[in-house]
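Protein chains in written order, with my numbering: chain A, 14 to 204; chain B, 14 to 204.
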């Protein structure tokens with residue numbers, strides 16, 4: 014394994030209902046089964062993109078970063094939010110360049126998933142980028158990012174997924190459209 | 014297709030930062046790259062479970078429900094939150110029984126994923142339940158649920174995933190450990 018970003022020292026912690034990544038909205042709805050009105054929460058969220066970025070040597074371009082939700086350094090594929098007015102195709106190219114310094118020879122759309130239709134209103138779009146090459150050593154990181162970029166053979170990454178070292182479901186979802194992560198070819202039985 | 018739950022009429026909508034499904038927490042952290050302190054949001058979230066529930070006829074037990082985030086009726090596998098003090102194994106059995114009225118002959122753990130390590134601190138545990146049979150016509154639904162249960166052959170559900178009719182990434186993630194949803198056997202090329 015390569016170098017890893019450092020864990021972020023925690024100075025303090027407080028509970029506060031204001032948010033940044035999302036815009037919380039309460040909808041007042043009627044349950045048609047009971048005719049009972051109730052309020053339900055929606056976190057309005059911009060669409061997300063992530064990128065399966067392969068070099069000509071069949072290596073994946075990966076990012077390691079400290080994640081605030083789980084307080085752990087994760088291995089992920091590059092990705093981020095689609096900016097207002099930006100297409101998800103453009104966002105995929107921008108995130109790859111900003112987060113890794115790589116550009117690709119060819120792009121193919123892999124489809125979209127709902128991160129969680131219970132409370133998010135957004136999609137995460139998956140892209141495949143091939144023929145990736147590093148074009149810049151300079152990463153355009155914002156103040157909230159500290160990223161280490163590295164490459165790893167695709168087969169080895171699939172092994173890390175099976176071993177539970179890579180657990181981000183949106184990373185699995187994108188990779189799964191390129192490689193059969195779990196080696197299943199039909200239904201498996203529990204009994 | 015079978016009957017579908019009705020869309021829920023919206024009476025009104027308001028923005029309010031208070032939450033129920035999560036407990037928002039702001040952590041004050043230092044970015045080791047810049048030594049700059051900053052606040053980052055964590056949504057403290059209970060673990061989730063979902064269940065790939067198969068009958069002896071290789072049919073999946075599925076639930077249709079109106080989802081508030083996307084304002085659409087979705088097709089999903091049964092699942093929900095792990096209660097405080099409950100094991101995820103027990104939660105899987107409980108959610109299957111409460112949401113569908115089914116019980117299983119055998120259970121096998123399929124592993125866990127991080128729904129989003131950027132802001133959630135939880136895991137979603139996937140379970141495979143086989144030999145499923147309906148033991149009750151009565152569903153134990155809370156006031157916020159209106160669910161239609163039906164069965165569909167596993168192969169036909171995989172086709173729905175490929176067609177984009179089933180898009181919930183946590184549903185894909187569980188199913189993917191039982192059947193190769195996207196029919197990939199190695200890396201695919203964009204060029």
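Ideal placement from N, C-alpha and C gives every residue a C-beta, glycine not left out.
In this text the structure is predicted, and so the values were computed from the model without any measurement.
On the DSSP bridge list, what partners appear for residue i?
i             : result
residue 132/A : Bridge partners of residue 132/A: none, in fact.
residue 160/B : 78/B
residue 120/B : 142/B
residue 155/B : Paired residue(s): none; residue 155/B is not in a bridge.
residue 36/A  : 57/A
residue 147/A : 115/A
residue 183/A : In DSSP, residue 183/A forms no bridge with anything.
residue 127/A : 181/B
residue 65/A  : 141/A
So, under 8 Å CB-CB, residue i and residue j are touching, yes? Tell me the CB distance rounded to an integer number of Å.
i             : j             : result
residue 126/B : residue 180/A : 5 Å
residue 81/A  : residue 35/B  : In fact, because the Cβ distance is near 14 Å, the residues do not count as touching under 8 Å.
residue 144/A : residue 118/A : 3 Å
residue 224/A : residue 183/B : Examination of residue 224/A is not possible in this model, given that chain A is present from 14 through 204 alone.
Go through its chain and collect everything with a Cβ distance to residue i's Cβ below 7 Å, but skip five positions before and after it.
i             : result
residue 185/A : 174 and 194
residue 135/A : 58, 59, 60, 61 and 128
residue 187/A : 63, 65, 90, 123 and 139
residue 159/B : 18, 78 and 79
residue 151/B : 114
residue 101/B : 60, 62, 95 and 138
Could you please give the first and the last residue of the uninterrupted alpha helix (DSSP H) stretch that includes residue i?
i             : result
residue 71/B  : Taken as a continuous stretch (DSSP letters only), residue 71/B belongs to no alpha helix (DSSP H), as it is neither H nor E.
residue 104/A : 101-113
residue 175/A : 167-175
Nearest CA to the CA of residue i: which residue from the options?
i             : options                       : result
residue 46/A  : 143/B, 47/B and 154/B         : 154/B
residue 73/B  : 115/B, 164/B, 189/B and 158/B : 164/B
residue 92/A  : 71/A, 81/A, 111/A and 83/A    : 111/A
residue 169/B : 144/B, 16/B and 71/B          : 71/B
residue 147/B : 192/B, 68/B and 88/B          : 68/B
residue 192/A : 191/B, 149/B, 192/B and 197/B : 197/B
residue 48/B  : 22/A, 37/A, 40/A and 41/A     : 22/A
residue 116/B : 98/B, 86/B and 142/B          : 142/B
residue 88/B  : 130/A, 101/A and 167/A        : 130/A
residue 121/A : 40/A, 190/A and 172/A         : 190/A
residue 178/A : 103/A, 85/A, 102/A and 98/A   : 85/A
residue 149/A : 107/A, 83/A and 102/A         : 107/A
residue 83/B  : 50/A, 102/A, 40/A and 176/A   : 40/A
Who are the Cβ neighbours of residue i in its own chain at under 8 Å, not counting the five residues just before and after it?
i             : result
residue 201/A : Summary for residue 201/A: the model assigns pLDDT 46, below 50, so the residue's position carries little reliability; its value from the coordinates is reported in the next sentence. Cβ neighbours of residue 201/A beyond the five flanking positions: none.
residue 161/B : 15, 16, 17, 18, 76, 77 and 78
residue 204/A : Here the model assigns residue 204/A a pLDDT of 42, short of 50, so the residue's position is not dependable, and the following value carries that caveat. Within the same chain, residue 204/A has no close Cβ partners at all.
residue 109/B : 64, 66, 74, 91, 115, 116, 117, 142 and 145
residue 167/A : 67, 71, 72, 73, 191 and 192
residue 97/B  : 59
Check for me: the beta strand (DSSP E) holding residue i runs from which residue to which?
i            : result
residue 86/A : 85-89
residue 92/B : 92-94
Who are the near neighbours of residue i in its chain, counting only those whose CB is closer than 6 Å to its CB and skipping five residues on each side?
i             : result
residue 38/B  : 55 and 57
residue 171/B : 192 and 194
residue 51/A  : none
residue 105/A : 62, 64 and 140
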